[in-house]
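Trainee: In this note's numbering, the protein residues as written are 2 to 167.
Structure below; questions to follow.
Printed below as a string of structure tokens:
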């Protein structure tokens, strides 16, 4: 089985270069990375939302972590995962105060719901969560953007009508 590894490079005007002197995979738990999202701070330092696989064969789930380049190394914003249930489809922005805001889908055996958190000194829910219009419906694949006022805007897919099974 393959092992997803995360790397980040920047364009220096003529070529792609690593942030690290010796490029090494960015990992939290040394598990396979499955999905990620990238944003930049006001000083052009990268911030990554990374889903890493956990569990055992036949019982895998994804944990969401957010890391940043501090100028010398990749570090987490807070110890531990951001999500509570199996996570999918992260989307990340950095606000005007260089604080990350991340959205993702959490999946249980009966539902999918979209959540948003912001980091101040810890990860806290940003507004009312989950943000689904109808929490009884399946919601998924959210994306964040930020306008000139710094306020986030979010979009997602929500299945309407009869509740769908996963």
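The beta-carbon is built from N, C-alpha and C at its ideal position, and this holds for glycine as well.
(1) On the DSSP letters alone, give me the boundaries of the beta strand (DSSP E) that residue 118 sits inside.
(2) Evaluate residue 140 with the Cβ neighbour count: other Cβ atoms within 10 Å of its Cβ, from every protein chain shown; 16 or more gives buried, anything less gives exposed.
(3) Of all the options 116, 132 and 76, which has the alpha carbon lying nearest to the alpha carbon of residue 90?
(4) Is it true that the region 42–60 meets the region 107–114, where meeting means three or more beta-carbon pairs spaced less than 8 Å apart?
(5) Leaving aside the five residues before and after residue 138 along the sequence, list all residues of the same chain whose C-beta is less than 7 Å from its C-beta, in chain order.
(6) Helix, strand or coil, according to DSSP, for residue 19 in the structure here?
(7) Would residue 168 and residue 43 be called neighbours here (beta carbons separated by less than 8 Å)?
(8) Does DSSP classify residue 91 as helix, strand or coil?
Mentor: With the given structure in hand:
(1) For this step, residue 118 is matched to residue 117 along the chain shown. Here the beta strand (DSSP E) through residue 118 covers 113–120.
(2) Walking along the chain shown from the start, residue 140 turns up at place 139. Residue 140 is buried by the Cβ-count criterion.
(3) Within the chain shown, the letter at position 89 stands for residue 90. Comparing Cα positions, the closest option is 116.
(4) no
(5) Within the chain shown, numbered from 1, the residue matching residue 138 stands at position 137. So the qualifying residues of the chain are 159, 160, 161 and 164.
(6) Stepping through the chain shown from its first residue, residue 19 is reached at position 18. Reduced to three states, the DSSP call for residue 19 is strand.
(7) Since the displayed the chain opens at 2 and closes at 167, residue 168 lies outside it and no answer follows.
(8) Here residue 91 refers to the residue found at position 90 of the chain shown. Note: residue 91 maps to strand in three-state DSSP.
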